[in-house]
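FYI, full-length UniProt numbering numbers position 35 of the sequence shown as 35, with every residue one higher than the one before it. The C-beta atom is built at its ideal place from N, Cα and C for all residues, glycine as well. Report on the structure given below.
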Amino acid sequence: MSDDETAAAERELTQYRRTIEGRDDMVRRAQAAGVSKNRIHALTGIARTTIDRILKEN
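Rendered as structure tokens:
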């Protein structure tokens, strides 16, 4: 892998981390706004069991 490819992959991974850091708060906000657990799952791909865990932590 070239240095450019490595740097691009690292930027992509950093961007991914930033995206998922707010996941739990996003799920809580959606639920508080009336979005059902099934709809949150359908839109995000987050497992229903994970959604349950996130909502229990609140």
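Does the beta-carbon of residue i have 16 or more other beta-carbons within 10 angstroms, so that it is buried, or is it exposed?
i: I40; result: buried
i: I51; result: buried
Taking the Cβ atom as the reference point for each residue, do residue i and residue j lie within a distance shorter than 8 Å?
i: L55; j: Q31; result: yes
i: K37; j: R48; result: yes
Going by C-alpha to C-alpha distance, which of the options sits closest to residue i?
i: E57; options: A7, A33, I46, D25; result: D25
i: V27; options: D4, E5, T44; result: T44
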